[in-house]
Each structure stands twice: as structure tokens, then as C-alpha cells.
Amino acid sequence: MPPGAALWRSLRAHQVYGANTDVGKTIASTVLCRALDRRDRHRVGFLKPVATGPLDEADDRHIERFAPGVRTQCLFRFGEPVSPHMAAQQAPPDDEVRSAVHRTLASWAAAGLRHALVETAGGVHSPGPNGNSQADLYRPLRLPVVLVADARLGGISASIAAFESLLVRGYDVHSVLLFQDDYYRNHEYLQAFFQKRQIPLLAFPRPPARPAVADASARARDEEAMFAYYDDVARRSDVEGLVETLATKSAERLEQLESMARRAHEAIWYPFTQHQGMEAKDITVIESAHDDYFQTFRADAGPEDSLLQSTFDGSASWWTQGLGHGNPDLSLTAAYAAGRYGHVMFAGAVHEPALALAELLISSLGNPRLRKVFYSDNGSTGMEVAVKMGLRAACSRYGWDASRDEIKILGLKGSYHGDTIGVMDCSEPSTYNKKVEWYRGRGFWFDFPQVKMVQGIWRVEVPDSLREELGPDLEFSSLDAIFDLDERQASDAARWYRAYIKRTLQELVQKGYKFGALIMEPVILGAGGMLFADPLFQQSLALVVRENPQLFGDAPAPSSPTSWSGLPVICDEVFTGLYRLGRRTSSSFLGLDPDISVHAKLLTGGLVPLCTTLASNEIFAAFSSPEKSDALLHGHSYTAHAVGCKVAETSLRTMMEMERDGFWDACRKDWSASQGSNGIWSSWSQDLVRELSFAPSVEGVFALGSVLSITLRDQTGGGYTSTAAKGLQQKLSEGLLSCGYESHCTELRCQPAAHRDHLTMDLIELYFYASGRVRSSGSEVSKQNQKSISSDSDNPSPRSGDPSYTTPASGISFLSIDETWSRPQSLQLLYTMALPLTSVARSVLRRCYGTVQASTATASAPWTSRIPPVLQDATAARAPRTNWTREEIQQIYDTPLSELTHAAATVHRRFHDPAAIQMCTLMNIKTGGCSEDCSYCAQSSRYNTGLKPTKLSPVDEVLAAARIAKQNGSTRFCMGAAWRDMRGRKTSLRNIKEMVAGVRAMGMEVCVTLGMIDDAQAKELKDAGLTAYNHNLDTSREFYPSIITSRTYDERLQTLRHVRDAGINVCSGGIVGLGEADSDRVGLLHTVATLPQHPESFPVNALVPIKGTPLGDRKMIPFDRLLRMIATARIVLPATIVRLAAGRVNLTEEQQVACFMAGANAVFTGEKMLTTDCNGWDQDHAMFQRWGFYPMKSFERPVVQAETETAGASAGASAGTEPASTGAEAAAAAS
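Here the sequence shown stands for residues 1 to 1231, numbered as in full-length UniProt numbering.
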């Protein structure tokens, strides 16, 4: 749990920011400190969180010298600059910097200090230790700002820009100070500027110039002059008036917070709230919000206690939060759009944000039906629009007159689509609508089986009233298995579901019902009580509707595969869409492409209201008519608000980048151990969710994406009016966790960008209460036996022998911790028990700092780099291994890059000559015309890339090219033909064998890649003298279908078996930058590293986007990801040749060398690499000479340093002779 914002009754703290570097922050701080000290003697503190440079020039030392009554402290001090990887290891995380500031201020408040100044370093956006802007680093503390403006030429612009940067991030600027310069007179302009904003400005004289010579005598004179200067400023400037103004503003802030609940109780009518009996004390005052947390006001705090506490936003602010509260990127985007447009009308007009968002949604949601976007302001009105669309389309097709016929909708029991009067009628009678005077429920709502975990088992529970129709409850080994709809389609449940749905619809139509649309909330029905529908039932309902159009009326058959059939299917993804459940669309869980889809809430990342209703062209056409009255007459004044559209585009692109860059890989990994291949995961720990399911008070629990729902036992039967969750919600609130609760169900909804370490603590609170434990003053008390457990958080140790610590499930021990819940030792153990955390990746280091001189506050250095044990073992290994687990490889892959590359270099030097680089030349012997649909390939006949197909090259032409390659230093000649396989290509195979024999006669290694081959073809190539056969796996098994559908992953593995069984060396690698996640790169490595024998070579290709292919517009993968892939490959495939293949031409020479140092030891060189550009021979020879590399000889293999007792045989062969098996094969076979 991060600290709350920094606010105390007894301590008035301000943060000093500079508009630029060298504007006089420390001089201004000294002026203020002296004035404050005159006001409250020896009760002033000056804090410098981060400082750089020599100790004798430190800002806190200046305060000590010229304001001797002031307490000073510097938390993190950096000396001389060092290299980036050392700085990254030494820099404290941002959370630690903020926590250290908060702890120091809290200790000062407790010690009786009345005033504190926290001075930043450099300008507003100068980077902190981890490279993040200081304005973002310190924002969660919400300290009011004293801004030191720039009095120099250009200082007006810099000062206003600094002020606006602080303003857009939610800072309150309480005053402005600057030097008075009578030449530039910036103070006069800025005085007027800030006066309009009711911010006082104080200008004071410049200090005396520093002496030119820094000897002892000059330093003494300088010190004397500075003392005189500060005395003069105190006499001539109204510093005392400024101090009084700061005190007044601080008092006003406290008064505002203390009165807000009372004033709100008098003035505000709250939604979904029964006000009878409600008191002002029941209202939570939110001072601010940042990331996953509210800063809530503690009215009962003592004089020395923090008035603000961090409260986890467990409802994601009614499901809206996507990228965290106070997200600076979204704030800046909103400011840009507001400045560019404000609001402009949308009828018959267009602006760039609305068009860009519409095109992004259409292209990214993956639904070929959706081609039109309609804008509204919230989910309820967006659903109103969707219902109008669906009803019009159905009436138009079936010839119904809605003025005479009552048109109903189909839906599910418990569904709820909004509070406007039209969509209220689309829900069955409930607490939400039954007392609304105009409510007329118009529809039929199916009851349905629900998913939950009970006692550690995933179950699909059938309603009692439907057991005869739908069969018994079902149990599944994992949540993933429930979503394996392809497998479940053949089950009895699927047949029962479809038969029941069809029979029910037939009966309803026979009774005269007319239906205009099917409306569903995919997977989870939110407002109706967090009901997790069996996805098979929802899929079956949609399929029955679409496959039986005759049930609903007489109409021609649909004109195209994307036409709606039966009824328009409307998916209400207001709550569940846009990554809330872990995917871009929740309808994709059902394998369903709706005809109309509604998206809101997460659309703008939780910043501003906006909704989009997407529809097919066919739905759109139902409103097309010469009559204007036939148009969709719906809209509001702020339709397609430019600010909302621009923010939504930024938010959506950011979440798509998070998906592509593997932001949720740790969550996927946590859930993947017991899951299948459908990629179902949650931000909430799988283990702890399971433990919650055993709690006595819990009826069922589920987690999916960012949602966690806990259904509590209620003897009264539940429902929205149930109070079963009230006690849990109250306990969570006391434990600094704000959550939503519907009926007897408590749900926690983190934002998709929530950090897993933020979720851990809150789940522990939840577990203690739900399982019958309460937290009380440093001890855990079991409600059953009231046995008190002592706490020793300074020397913690689990006490698994005590029954009060044991869960009913698996005996996981929980640690009692002190009442503050803030000791790092205790938290670390609790985190370890709660879930397999991975550290949050640091921001890119933009600035190198010097060595940390730790103060007493930082002596324990919790940010020190730790190397995972599996990497330590791999670094010390003497032979390859083929029994890697995916988790082990993931741990290695996730190691900080500096440590990872160092370990890879160590392994590389053990198994290989680090200066030897294999030079390979790859010739395209048959270009284009390939029948495969590989999304990256220019040679596929399915894409228009401008490449002309050719026949197989003549043998003599190929051999001539091989001779040129050898003359230029290449020792391996590779030949590629654009074929799917070799079936029916006997003549071509005969010619290729002749090419192989000819190249071998030159003393070169020879490799071919011809697509899939069978065992007989592999033997023929072996007999011809083939050294190696290349057949890449490309990516992980999970991601593979996104890239290729014309050949299966197993077919690729089968080709590798044929090659290996024939005695040919296997060359198999992959491509990075296809849009895969980090977990997919790990999956590829795991597949290759667990083959019966490691491949002789592993090519790492960086995607080269080819225009005309589906991936033609992708950007090249960031270099750090490529380097991480190479380093991990070197560690898990220690004796394998790691080839830096496609995309090398786009790397700088320094980046290439970094790859070689991390373990790459082969390249493609020459005139071309298949159809793409390639680094030339001369270029590579020059690079080798500069860096001390040399070309590896033909058939030269690494000598594996493994004991013969373990390895069983020499792992390599001497240069100049071809071994019977490669080093990789020998060592792998031995292991």
C-alpha cells in the first residue's frame, strides 16, 4: 500500500519546484526557511529527496549554513555519474522515493515540527532517479507548490510552461518566487499573469555573484556576503507576508476538507443511494486520486496523524478506470483537444479525433461486421441507440409495424443495460426498475447456468428450475476449460442448451411474441449482480437465433456472411469490453461477432464520459430512405465531444500497446500453470482466489481479467436488497479498500493497468475477513476460537503450526504483522505467500546518476538487484539441458537486462569462442508464389507485394553464387525456396540435391529451407551431404494461429522430427516483432529448448515489415526486446549457434555488437537475404576488424566444457572436420 498524500494538521509542508535549472530554488528555500524559523523557532525542516554533485555544494548543506535553526535531510545522494546499467541497479524505485519522503515528513510531524519544504532537483520535468519526470514522480504526495520562476531572458515562457505542466497534473501552486531583474523585468509580467489566478508572487533581489577564485579567503567573504544578503532580503521583501499567505492557504485547504461531507450532505442527491438515515459522516471525502488509489480524508485523525490515506479503488470507479487516476498522458491529451477544439457540433461535420477513434475501433475490434460508429455520451444512451438500431432493422426485414405490434427483445435474467427509460424496458423487473412509473418490461429473459469457483473447483451451476432441461452441474479442471468452447460444442450440455433455447423460442413465437433483437452482456452481467454466465450458454443462444431465422418471421436469406440472421445480436460491452476481462472485446470469449456492439467506461480510460455504438452496414442501411424522418433521430449537444474522442483514442492505443508489449504477462503466467491454451487469466492471484473459495462465509468466487467477484452466503436468499456484503465492504473500507458491492456479492474491479503488488495487499485484507479472521492492533484473531496471535514484524516468521494461520484449503501460513501494515519484511513475506509477483518494469533510464551515498533512511537498499536462482544455476551449468520449464525461462527472461546480458556473456564464453562469428549467405533459389498465408512474408501468393514469382534457379547459377559467397568469407551457404512442402517436386528435389553436393564440394556448410518435408525426402537430402535444414517455428504455439493458418504448429514440429531422425542438423528459430507478447517469446524458447536435442542453430529474426502483407505497417521491435531474446536464447540453448538474422540491417553497429556480446555468434551476410536487404560482406569484415571478431570456419563447433563423466562424450569437434553430431546435440543427448 503506497503512503497517502502528505497532509497533516500540525505540519505545513510545501514542495519547491523550479521553472528551470539554476533559477535559484535553494536561495528561495533558504529565504523561506529563515522566515519560517523566525515564526516558529527550531520547528522547520528542509528535505532534499534526491541530490547530485559534490557534498560540499549540496543544497541541504547550504540551508545548514545559512539557516542554522532548520532541520535538514537528504534522502538519496548521488556522486559522480556512472554507466547506465550501474545507475539502474543503484536507483531507488519511484515508490521508495515517495515513501521515504512521506516517512520523513511524518516523523517531523510527530517530532513537533510546524513547517517543511521539500525541494526538487533541476526543473519541473527534470528526470528523477528512474528517468521519470519529477512532476510525475512526486504527484501522488499532492504537496502544494512554491514555484521558483525564471528571471532570465526567456524565463517568462519557461515559468508559464512550468506552471501549466504542474496544473495539468493536479498540483496546487500556492505561491511564486523569483529574482527581481530590473533589465528583463520578468517579475512585472508574471505578477500580472499570476494575479489573475489568485496566486501571490514575491520578487526579491539577486544574490551576490560567486567569487571567481574558490580559495579559503574567497569562500569566507562569500559566506559573509550571503549572510548579509539574506538579512537584506528579510528587511526589504515581504517574505513575512508570503509566509502568512501560505499559512492561510493551508488552513483553507483543511477547512475545505473538513466541511465537504457536511456540505455535500446538504447539497447533493446521490445516485443509487437511499438518503433516509444517511449522515454526513457516511460520505467519503476524496481529496485526490492517483493510479490505483483514492486519497481519502480522515476526519478522526489526530494532530500529528496523516489526514489523507491511500484507499484502493476496488470498483475501478464504477468500472471506468483503465490507465489509472491522474494519468498524465490522458490529461495532456484532454488539454490538447480542449485547446484545439473545445466542443464543436457534429451534425454533418467531422473533426479529426472523432474520425480517428471511429477508424481505430473499426480496425482493431476484430469484427468484420462492424463498419459504422455512432457517438453518444454514456453506456445507457449508447444502449438506447443500439436498441433503436436493432428494432428498426428487424421491423424493416420482417415488415412489422411497431406502432401496432409490440416488439420485444431477448435477453438474460439479471441483465441490466442502463437507467434511461428505453433500455430499462429491456430488462426484467428488478429493484432497479420496478418502482419506475413508466417501466414496462418488454422482452423474454432466459435463466442460465452460472460459473463460479466453489471449494477450489470451477463449477457451472444450473438453476434448480432448469436441471431437467439442462442437466446437472458441471465441474472443470480450470477456468480455461470452461472457455474451451470448441471442445464443449460436442458435449451433452451444448446439445441440451440448444434444444432448450430453440424449444422455448418456438413456444414464445407460437404465443404471438415478436422479437426485435437479442441483447447480451458477454460473459459477466455486471449491474445485475456480477453474474458469470456460462459462455457456452451465451454462445448457444446466439447460434440458435442466427441459425433459425424462420422462427422470427418470413424474410429472404442473409445476403452475405456478415449479414445479421434471425435477429440483430447486440453485445452490451459497456462494462466488460476493452480489456476489462483481459481481451479487447468480451464477445470474443464467445467466438461471437455481434451485429451491434456498445463500448463505454474503459473507452476513455476513466477520464471523461463517452460511448460508441458500432453497427454493421446492413443495420445502417435500415435507416436509409429519402425521408428524413426515417433517419436515426438520436443525438445530444455534446455528441462526439472532441476531448472525449481524443482521450479515447489515446487510451485505446495505450492499452493495445500494453497488450502487445506483454504488460499482463505476469498475470498470464500466474494462471497458465493450470490452464489450457485459451489464454484465460486474471490480474488477481489464482492461488489466493482459490483460497477465498474455501472461506466459510463465501458461497462462490470468480476472477477474470481485472474483475474479482465474491458471493457471500445469505440466509435470506440474496438479491440486490441483501445486506450480506455490507460487513465485508465495511471491513474492507476500514482496511483502506474501497469496493463496489451488489446484493450479496462483493466485487473488486481493478483498472487493467493496475500493478499486481497493489492488488496483493488488498486481497490479503479480503482473505482475512472472508475466512473468519479479523485484523486487530498487530494480531490476527480467529473468530472461531478468539485466539490472539502475537506479532513480531521486525523479526517475522510464519507459524504454520498454529491453527489460526491455516486456511481450510492447503495450509498456507499467513504472517501476523503490526498495525501499520508498513514493515517491508512483513509485506515481502505476505506478497510471497499471496501470489508469484514479478517486479514492475522501471521506466527507461534517461539520465545516469552517480553512486548512492545512502543516508540512515536508505541503508537497507531494497532495490538492490537480485538474480533469480534459476539464472545462477544456468550461468554455472557445464552442459545444456532439455528439461526446462516455461516458468524457469520466464524468470530468466524477466531478469533486469544488465544482469541478463552479463549472464548470457558468461555462458557464451563457457561454450563458445566469443570472437568467432559464423558468416552465412542465404540465396532465394525459388521466389514467390507460395500458397501459405504467413502474415509477414512477401513471397505468399495471397498478398500483393509486387514480388514476381520465379521458377527454381539453375544449378550452375546457384553454385556460382556459392563460390562468390565463399570468396567473400562466408562459410555456410543457405538456399531457400518459397514452397509449402516438397510433395510432387521430384525434379526440383533432384536439382537441389545436386546444388547441395556442389556446395559441399567447395568445403562449405550447406543449409536449405524448402517448407515441410517427409522422412524419405530428409534422408535423400542427408545422403546428398546436407549440413542443416532450416524450419522455423516462428513464435509460440499460442500466438501462432494469429500469424499463420495454412500450416499447423505440429506440422512444423513433425518436419523437425524428420530432419533430426535423418541425422541432419536442425536449424529452427523464430521472428520477433509480430505483435506477440513477451510470454510468446518465452513460449517459443521453451518449445525449442525442450526438443529431444537442442537445434544446431537458432535464428532470431526481427520482423522486416513488407508493404502489402498484413504486418506491413508494423514498427520494428524495440532493440531491448531483441537483445533480451538473444540473451535468453543463449542461456537456455548454451551450445547452440544463435544467429542474428533478418532485421540486422536496421541495427546500428553498436547494437549488433551488443547482440554478439550477449551470445549471438552467426549472421547472414551478402547481397540479399531472400527478398530483403542484407549487410554486405565488406561492411561485416570492417566491423569484425574494428571489434576483434573473426569469421568462424566451416564445420567449426564450440568445445563444451562439460565433464566427460556427465556428458558422456566430447561435445564438439576440432576445426576443419565435420563432427558426427554437433556440440548441442552431443551435450543435449547426454543430459
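From the three backbone atoms N, C-alpha and C, an ideal C-beta is built for every residue, glycine too.
For residue i, the first and last residue of its enclosing alpha helix (DSSP H)
i     : result
Q191  : 186-195
W108  : 94-110
E1051 : 1049-1061
F163  : 155-168
L332  : 328-340
N991  : 986-1001
W210  : The residue you asked about is not Trp; residue 210 is Arg in the sequence shown. Premise fails: R210 is in no alpha helix (DSSP H) and is neither H nor E.
T1087 : 1078-1089
Other residues of its chain near residue i: CB distance less than 6 angstroms, five sequence neighbours each side excluded
i    : result
S225 : Rather than Ser, the amino acid found at residue 225 in this sequence is Ala. So the list reads P208, once near-sequence residues are dropped.
R690 : G456
T320 : K601, G606
Cα-Cα separation, residue i to residue j
i            : j     : result
F374         : E521  : 19 angstroms
G45          : L117  : 6 angstroms
H351         : A162  : 30 angstroms
residue 1284 : Y893  : A query on residue 1284 cannot be resolved here, the shown segment of the chain reaching from 1 to 1231 and no further.
Y341         : Q198  : 27 angstroms
I817         : M1    : Only weak support exists for where I817 lies, its pLDDT of 24 falling under 50; the coordinates are left without a value.
G603         : L652  : Position check: residue 603 holds Leu in this sequence, whereas Gly was assumed. Between L603 and L652, the C-alpha separation is close to 7 angstroms.
Y416         : A494  : 25 angstroms
A393         : I268  : 41 angstroms
D1178        : T971  : 15 angstroms
L633         : A347  : 11 angstroms
A216         : P54   : 17 angstroms
D1113        : V1104 : 10 angstroms
D95          : A481  : 38 angstroms
I283         : A334  : 29 angstroms
S165         : A135  : 8 angstroms
V608         : G644  : 6 angstroms
Y513         : S376  : 31 angstroms
S430         : G529  : 11 angstroms
R1060        : A1024 : 16 angstroms
G1143        : L922  : 14 angstroms
Inter-residue CB distance, residue i and residue j (contact presumed, cutoff 8 angstroms)
i     : j     : result
S478  : V523  : Not quite, the Cβ-Cβ distance comes to about 16 angstroms (not below 8 angstroms), so this is no contact.
L147  : V176  : 5 angstroms
S1036 : L1084 : 5 angstroms
Host beta strand (DSSP E) of residue i (start-end)
i            : result
residue 1239 : Nothing in the structure corresponds to residue 1239, since the chain is present only between 1 and 1231.
P896         : Run containing P896: none; DSSP gives neither H nor E here.
A1162        : 1162-1164
A599         : Sequence check: residue 599 is His here, not Ala. Unbroken beta strand (DSSP E) run through H599: 596-599.
residue 1233 : Past the boundaries of the shown model lies residue 1233; the chain is included only from 1 to 1231, so the question cannot be answered.
residue 1237 : A question about residue 1237 goes unanswered here, because the residues of the chain that appear run from 1 up to 1231.
G1070        : 1070-1072
Neighbourhood of residue i by C-beta distance below 7 angstroms, restricted to the same chain and skipping five residues each side
i     : result
E1051 : M1012
M1002 : A962, R963, K966
V454  : S693, G700
R262  : A280
C426  : V387, I409, G411, H417, G443, I519
F294  : I286, T311, D313, S738
Any non-hydrogen atom of the ligand MG closer than 7 angstroms to residue i Cβ
i     : result
D1120 : This structure lacks the ligand MG; in fact it carries no ligand of any kind.
Contacts around residue i, its chain only, beta-carbon distance under 8 angstroms, and the 5 residues preceding and following it disregarded
i    : result
P568 : M389, G390, A393, A394, G516, A517, L518, D595, I596, I619
**Request:** Would you check if the region 316-326 and the region 279-293 touch, i.e. whether three or more CB-CB distances between them fall below 8 angstroms?
**Result:** yes
**Prompt:** Are the region 603-619 and the region 684-701 in contact at 8 angstroms, needing three or more beta carbon pairs?
**Reply:** no
**Inter-stretch contact at 8 angstroms, needing at least 3 Cβ pairs: the region 1162-1169 / the region 933-952** = no
**Request:** Count the C-beta pairs between the region 531-542 and the region 349-363 that are closer than 8 angstroms, then say yes if the count reaches three, no if not.
**Result:** no
**Request:** Assess, as a yes-or-no matter, whether the region 977-990 is touched by the region 1179-1192 under the definition of 3 or more beta carbon pairs within less than 8 angstroms.
**Result:** no
**Prompt:** Do the region 38-52 and the region 179-194 touch if we need at least three Cβ pairs shorter than 8 angstroms?
**Reply:** no
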